[in-house]
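**Student:**
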Amino acid sequence: MNVFDWRGPQFVLFYLVFGVALYFIARQLRAWTDPRGARDPTPNDDPYLVACLRGGPAEAIRVCIVSLLDRGLLQSTDNQLHSAATAARVVRRPLERAIIARAQAAPTRVRDIVRDDSVQQQAALLRDELAAQGFYAVPRILPVRILIYVLCAGAAIWVALHKLLLAIERGRSNVLFLYLMPVALCIALAIAIFPRRTLAGEAHVRALKRLFARTHDNRQQLRFGGQSTELVWLSAVFGLSALPHTSFPEVYQLFPGTRRNANASTSCSSSGCGSSNACGTASSSDSSSSDSSSSCSSSSCGGGSSCGGCGGGGD
Amino acid sequence: MDTFGIAYRPALAASVFEQRAQIDVLEVIADDYFGAGKRELAALALLGRHMPTRVHAVSLGLATCARVDMARVYALARVVDAAGSGVWSKHLAFVRAGGIELGHLCAPPRTPATLEGLARNVARARRVIGSAPALENVATLIDPPCSELDEAAFVRCALELADAPLLLDLHNLHANARNFDWDPIAYLDTLPLSRVRSVHLAGGRLFQGRVLDDHQHAVPEPVYTLLEALAARVSQPLEVIVERDGRPPPLHVYLAELARARLAVTRGRAQQLERSA
Numbered sequence: 028m029n030v031f032d033w034r035g036p037q038f039v040l041f042y043l044v045f046g047v048a049l050y051f052i053a054r055q056l057r058a059w060t061d062p063r064g065a066r067d068p069t070p071n072d073d074p075y076l077v078a079c080l081r082g083g084p085a086e087a088i089r090v091c092i093v094s095l096l097d098r099g100l101l102q103s104t105d106n107q108l109h110s111a112a113t114a115a116r117v118v119r120r121p122l123e124r125a126i127i128a129r130a131q132a133a134p135t136r137v138r139d140i141v142r143d144d145s146v147q148q149q150a151a152l153l154r155d156e157l158a159a160q161g162f163y164a165v166p167r168i169l170p171v172r173i174l175i176y177v178l179c180a181g182a183a184i185w186v187a188l189h190k191l192l193l194a195i196e197r198g199r200s201n202v203l204f205l206y207l208m209p210v211a212l213c214i215a216l217a218i219a220i221f222p223r224r225t226l227a228g229e230a231h232v233r234a235l236k237r238l239f240a241r242t243h244d245n246r247q248q249l250r251f252g253g254q255s256t257e258l259v260w261l262s263a264v265f266g267l268s269a270l271p272h273t274s275f276p277e278v279y280q281l282f283p284g285t286r287r288n289a290n291a292s293t294s295c296s297s298s299g300c301g302s303s304n305a306c307g308t309a310s311s312s313d314s315s316s317s318d319s320s321s322s323c324s325s326s327s328c329g330g331g332s333s334c335g336g337c338g339g340g341g342d
Numbered sequence: 050m051d052t053f054g055i056a057y058r059p060a061l062a063a064s065v066f067e068q069r070a071q072i073d074v075l076e077v078i079a080d081d082y083f084g085a086g087k088r089e090l091a092a093l094a095l096l097g098r099h100m101p102t103r104v105h106a107v108s109l110g111l112a113t114c115a116r117v118d119m120a121r122v123y124a125l126a127r128v129v130d131a132a133g134s135g136v137w138s139k140h141l142a143f144v145r146a147g148g149i150e151l152g153h154l155c156a157p158p159r160t161p162a163t164l165e166g167l168a169r170n171v172a173r174a175r176r177v178i179g180s181a182p183a184l185e186n187v188a189t190l191i192d193p194p195c196s197e198l199d200e201a202a203f204v205r206c207a208l209e210l211a212d213a214p215l216l217l218d219l220h221n222l223h224a225n226a227r228n229f230d231w232d233p234i235a236y237l238d239t240l241p242l243s244r245v246r247s248v249h250l251a252g253g254r255l256f257q258g259r260v261l262d263d264h265q266h267a268v269p270e271p272v273y274t275l276l277e278a279l280a281a282r283v284s285q286p287l288e289v290i291v292e293r294d295g296r297p298p299p300l301h302v303y304l305a306e307l308a309r310a311r312l313a314v315t316r317g318r319a320q321q322l323e324r325s326a
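Residue numbers (the working numbering), protein chains in the order written: chain A, 28 to 342; chain B, 50 to 326.
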């Protein structure tokens, strides 16, 4: 039983199974070679680190800008951001200071702040910290990932190429699928092997999303300018598109890219959003494949009253 | 060193993360995680790595002659394991009888039979979970019928038989003292205070002239007075937890109560130093 002698439909089925197996092998190889996450990670403390972990340094800058706007430390006029001289004294995080300094120099567009060297430098420090924690892919692990990719993609191409040569030798002409299948599989393998985060980083983001599920459920209560802790954490963990459009039109105006996912995000109700809805991909920049997992259904670990005890038995 | 924390509610996640420096410890309700999937437990583990997390079980019902529901014990073990600290607590109460869920923490008849049942149940739970619970005194509106022991004697015997530490709920103590007309400070002196590991503070309201421990109101001043008295009497570090049920207030409300609790403990410790000097 030589699979290369199988007819087209049977071989397609074989290649599908082979592709799925190869995909999981690639993930497993990545799991073995990716650095382990820190046991006691710091991203918990800093919403901008969390935003960076979820969506990259640029996302951390965007979340920081929204937080500063919410706290009144940045103002927006005609899509230009500016800041009062006193704002620098209030902020404590380096990324906030860099953004305030840029906005104080002159009214600035969001795009220019995101591209500002000193702001980017601070955001890059967040990425470096995440890398040190084992949550972010660093150049050091790239050769290993490339090796895994070459092995897996090589296997995918070899099988398809072998069949293709046999088919041509036998005078078959309907061989387009033999070109397309390995290309699709190589793309899937690239997605599996080269994400920005390590597996530990992905698990950390998933856990954070579950932990903040109630904050996500209660997001309709947030108001812009409310200086709430919830706003910055909601944005950091789920992305700017988790902010309700009705309460945060300024955010959607300043970051037009956010609108793309807004409806998908707000459709995620506390009654649960299944296993693959938009919450995981709430941010416009939150593009990692592994984020598509469910994150925001109202969990069973609700806020629950504990003691049942309004009668006699108190706890 | 004395530590101060709050009963965690998922709605407080963002505030708790932001104000980590002001909260030493969190207490989660185990029952909220019974039946939780891997992801919920991973989230709890993340919380446990973020800050020390204690597990408070509600629906186990250890203080009874009936055998504890082992399915719940196994579920609790998963939660304690995920939280990471291995520290858990349970009330000196029963919550079901004759197959009926009472939906309520009921003070058991204070009899030797109850104590034996409690000791057996604690041993069963300890075998599965790996540690004994801190046992918590409960509030009650009635003196449990058929009781042969007073509450202090019952608590003393329970802790001794189960070889467990005491989670002293000072609002429960305050409520019982008011409802049964005791002197709470004198009662405090009858407890095995060396076994007190942690303290619960909560609030209640008056219901038909009696104090109802509903956990939905601010901690009343007499409870802080009791905390001060306790801190003046014990030498071991105390873990003080402020509890609120129902819709949790904003975190600053908890933090104000924690600040008041810190003051009470500081005053109590100062009294102790003065006495020893």
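Note that the Cβ used here is the ideal one computed from N, Cα and C, for glycine as well.
Need the endpoints of the beta strand (DSSP E) that B/D212 sits in, please.
**Tutor:** Premise fails: B/D212 is in no beta strand (DSSP E) and is neither H nor E.
**Student:** Is the shortest distance between the beta-carbon of B/R88 and the beta-carbons of chain A less than 8 angstroms?
**Tutor:** It does: the Cβ of B/R88 has a partner Cβ on chain A nearer than 8 angstroms.
**Student:** If we call anything under 8 angstroms between Cβ atoms a contact, is A/L267 one with A/V47?
**Tutor:** Cβ atoms of A/L267 and A/V47: not closer than 8 angstroms.
**Student:** Between which two residues does the beta strand (DSSP E) carrying B/G54 extend?
**Tutor:** Segment 52-56, the beta strand (DSSP E) holding B/G54.
**Student:** To the nearest angstrom, report how far apart B/A326 and B/D238 are at their CA atoms.
**Tutor:** For B/A326 and B/D238, the distance between alpha carbons rounds to 21 angstroms.
**Student:** Give, in chain order, every unbroken run of the beta strand (DSSP E) that is at least 3 residues long and sits entirely within the region 91-167 of chain B.
**Tutor:** Taking only runs of at least 3 residues, the beta strand (DSSP E) segments lying wholly in the region 91-167 of chain B are 102-105, 137-140, 143-146, 149-155.
**Student:** Could you tell me whether the Cβ of B/A63 comes closer than 8 angstroms to any Cβ of chain A?
**Tutor:** At least one chain A Cβ lies under 8 angstroms of B/A63.
**Student:** Using a C-beta to C-beta distance shorter than 8 angstroms, which residues of chain B count as neighbours of A/A234?
**Tutor:** Correct list: R88, A91, A92, A94, L95.
**Student:** Measuring straight from C-alpha to C-alpha, what distance separates B/Y123 and B/F143?
**Tutor:** So the alpha carbons of these two residues sit roughly 18 angstroms apart.
**Student:** Which value, in whole angstroms, describes the spacing of the CA atoms of A/G284 and A/P276?
**Tutor:** Cα to Cα, the separation comes out at about 13 angstroms.
**Student:** When we look at the beta-carbon of A/F51 and count the other beta-carbons within 10 Å, is it buried (16 or more) or exposed?
**Tutor:** Burial call: exposed.
**Student:** Going straight from the alpha carbon of A/L101 to that of A/H109, what length do you get?
**Tutor:** Roughly 6 angstroms separates the two Cα atoms.
**Student:** Output yes or no for whether 8 angstroms exceeds the beta carbon distance between B/V128 and B/A174.
**Tutor:** Not a contact, by the Cβ cut-off of 8 angstroms.
**Student:** Per DSSP, B/S284 forms a beta bridge with which residues?
**Tutor:** None; B/S284 has no bridge partner.
**Student:** Hey, would you say A/T60 sits closer than 8 angstroms to A/I173, going by beta carbons?
**Tutor:** No, Cβ-Cβ distance for A/T60 and A/I173 is not below 8 angstroms.
**Student:** When the distance is taken between beta carbons, is A/T242 closer than 8 angstroms to B/A67?
**Tutor:** Looking at the sequence itself, residue 67 of chain B is Glu, so the reference to Ala does not match. Taking 8 angstroms as the Cβ cut-off, B/E67 and A/T242 do not qualify as a contacting pair.
**Student:** Report the option in B/A156, B/L322, B/A181 whose CA atom is closest to the CA atom of B/P194.
**Tutor:** That would be B/A156, whose Cα lies nearest to the Cα of B/P194.
**Student:** Once DSSP output is grouped into helix, strand and coil, what is the label at A/R136?
**Tutor:** Reduced to three states, the DSSP call for A/R136 is strand.
**Student:** Strictly under 8 angstroms for the Cβ-Cβ distance: is B/R328 near chain A by that measure?
**Tutor:** Any answer about residue 328 of chain B is impossible in this case: the structure gives chain B only from 50 up to 326.
**Student:** By the criterion of Cβ-Cβ separation under 8 angstroms, what are the contact partners of A/F251 in chain B?
**Tutor:** Here the premise fails: no neighbours, minimum Cβ distance about 16 angstroms.
**Student:** Tell me the DSSP secondary structure of B/I78 in three-state form.
**Tutor:** Residue state, collapsed to three classes: strand.
**Student:** Whose CA, out of A/G198, A/V202, A/V177, A/L178, lies closest to the CA of A/L188?
**Tutor:** With distances taken between Cα atoms, A/L188 lies closest to A/V202.
**Student:** Counting contacts by CB-CB distance shorter than 8 angstroms, is B/P233 in contact with chain A?
**Tutor:** Chain A, which has no Cβ nearer than 8 angstroms to the Cβ of B/P233, makes this no.
**Student:** By alpha-carbon positions, which one of A/F31, A/A133, A/Q55 ends up nearest to A/Q107?
**Tutor:** The shortest Cα separation from A/Q107 among A/F31, A/A133, A/Q55 belongs to A/A133.
**Student:** For A/R250, does the three-state DSSP call read helix, strand or coil?
**Tutor:** Note: A/R250 maps to coil in three-state DSSP.
**Student:** Measure the CB-CB distance between B/V314 and B/V289 and report whether it falls below 8 angstroms.
**Tutor:** The answer is yes: Cβ separation under 8 angstroms.
**Student:** Per DSSP, what kind of secondary structure is A/P149 in: helix, strand or coil?
**Tutor:** The question names Pro, yet the displayed sequence has Gln at residue 149 of chain A. DSSP places A/Q149 in helix when its eight states are reduced to three.
**Student:** Which stretch, first to last residue, makes up the alpha helix (DSSP H) that contains B/L307?
**Tutor:** Segment 300-325, the alpha helix (DSSP H) holding B/L307.
**Student:** Using beta-carbon positions only, say whether A/A128 and A/Q149 come within less than 8 angstroms of one another.
**Tutor:** Result no, Cβ atoms of A/A128 and A/Q149 do not sit closer than 8 angstroms.
**Student:** If I measure Cβ to Cβ from B/V74 and keep anything under 8 angstroms in the same chain, skipping five residues before and after, which residues do I get?
**Tutor:** Here the set comprises T52, F53, G54, M100, P101, T102, R103, E288, I290.
**Student:** Pop quiz: B/G97 and B/A62 are said to be a contact at Cβ under 8 angstroms. What is the actual Cβ separation, rounded to whole angstroms?
**Tutor:** Contact flag wrong, Cβ pair sits at about 13 angstroms.
**Student:** So A/L191 packs on A/L205, CB below 8 angstroms; how close in whole Å?
**Tutor:** Between A/L205 and A/L191 the Cβ distance is about 4 angstroms, and since that is below 8 angstroms, they are a contact.
**Student:** Identify the contact partners of B/F229 in chain A, using a Cβ-Cβ distance below 8 angstroms as the criterion.
**Tutor:** Residues of chain A passing the Cβ test: none, with the nearest at roughly 12 angstroms.
**Student:** Using a Cβ-Cβ distance under 8 angstroms, would A/D72 count as near chain B?
**Tutor:** Yes, A/D72 counts as interfacial toward chain B.
**Student:** So which of A/R119, A/R81, A/A230, A/S94 has the shortest CA-CA distance to A/R250?
**Tutor:** Of the candidates A/R119, A/R81, A/A230, A/S94, the one whose C-alpha sits nearest the C-alpha of A/R250 is A/S94.
**Student:** Given a cut-off of 8 angstroms on the beta-carbon distance, is the pair A/P209 and A/R154 in contact?
**Tutor:** Result no, Cβ atoms of A/P209 and A/R154 do not sit closer than 8 angstroms.
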